[in-house]
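Take a look at the structure set out below.
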Amino acid sequence: MSDLLVVKAKLKEVCQGFNVSGELAEALSAKVSSAIDDAVKRADANSRKTVMGKDVPFCFECSAKHGENLIVKAKLKEAAKGANVAGDLSEALNCYAHQLLKGSCERAEANQRKTVMAKDL
Ligand SMILES: [Zn+2]
Numbered sequence: 067m068s069d070l071l072v073v074k075a076k077l078k079e080v081c082q083g084f085n086v087s088g089e090l091a092e093a094l095s096a097k098v099s100s101a102i103d104d105a106v107k108r109a110d111a112n113s114r115k116t117v118m119g120k121d122v123p124f125c126f127e128c129s130a131k132h133g134e135n136l137i138v139k140a141k142l143k144e145a146a147k148g149a150n151v152a153g154d155l156s157e158a159l160n161c162y163a164h165q166l167l168k169g170s171c172e173r174a175e176a177n178q179r180k181t182v183m184a185k186d187l
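Structure, rendered in structure tokens:
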């Protein structure tokens, strides 16, 4: 079973018009994982035992509709290391992942590459 926190098969759908390199999913998963770590710390600092969407960086004031869900919800509880996981956490992480991918596609394009790579994240 994969340890990825993101759904690898969906990356290509999100990065439309690009190829995605083999290590992109792993790198994106690592970014999501560290966002969860930060979110857990923030909840902790606010004396909350529940990690919420608002604890995820860069996700305030995003009103975009992100069609594809990139986050493996079943893995969140484990990734949050025992903290409670609010229902909106997965949505906030999905937003975060989409923003990272969007930036990566823009970087690949700026470098005239058709393949989005881990280093673009
Ligand atoms: Zn968003």
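Going by the numbering used here, the sequence shown opens with residue 67, and the numbers climb by one from there. Just so it is clear, CB atoms sit at the ideal spot from N, CA and C, and this is done for glycine as well. Being a predicted model, the structure only gives us computed values, none of them experimental.
Under 5 Å, CB to any heavy atom of ligand 1. Which residues pass, going along the chain? Cys128, Ala130 and Cys161
Along the alpha helix (DSSP H) that carries valine 80, what are the first and last residues, could you check? On the sequence shown, residue 80 is found 14 positions in, with the first residue counted as 1. 77 to 80 is the span of the alpha helix (DSSP H), which, as asked, contains valine 80.
Do alanine 146 and leucine 94 come within 9 Å of each other at the CB atom, strictly closer than that value? As a position in the sequence shown, residue 94 is number 28, starting the count at 1. As a position in the sequence shown, residue 146 is number 80, starting the count at 1. Their beta carbons are not under 9 Å apart, which means leucine 94 does not touch alanine 146 by this criterion.
What three-state label does DSSP hand valine 73 in the structure shown? As a first step, residue 73 is located in the sequence shown; it is residue number 7 there, counting from the start. Per DSSP, reduced to three states, the secondary structure at valine 73 is coil, with no helix or strand assignment.
With three or more beta-carbon pairs closer than 8 Å as the criterion, would you say the stretch 103 to 111 touches the stretch 85 to 94? no
Count the other C-beta atoms from every protein chain shown that fall within 10 angstroms of the C-beta of asparagine 85, then say buried if there are 16 or more, exposed otherwise. Residue mapping note: residue 85 aligns to position 19 of the sequence shown, counting from 1. With fewer than 16 other Cβ atoms within 10 Å, it is exposed.
I need the straight-line Cα distance from glutamate 134 to asparagine 160, nearest angstrom please. Within the sequence shown, residue 134 is the residue found at index 68, counting from 1. Within the sequence shown, residue 160 is the residue found at index 94, counting from 1. Near 8 Å, if we compare the C-alpha coordinates of asparagine 160 and glutamate 134.
Valine 151 - partner residues in DSSP beta bridges: Here the question's residue 151 lines up with position 85 in the sequence shown. Note: valine 151 sits in a beta bridge opposite Val117.
Asparagine 85 bridges to which residues according to DSSP? Locating residue 85 in the sequence shown gives position 19, counting from the first residue. DSSP lists Thr181 as partners of asparagine 85.
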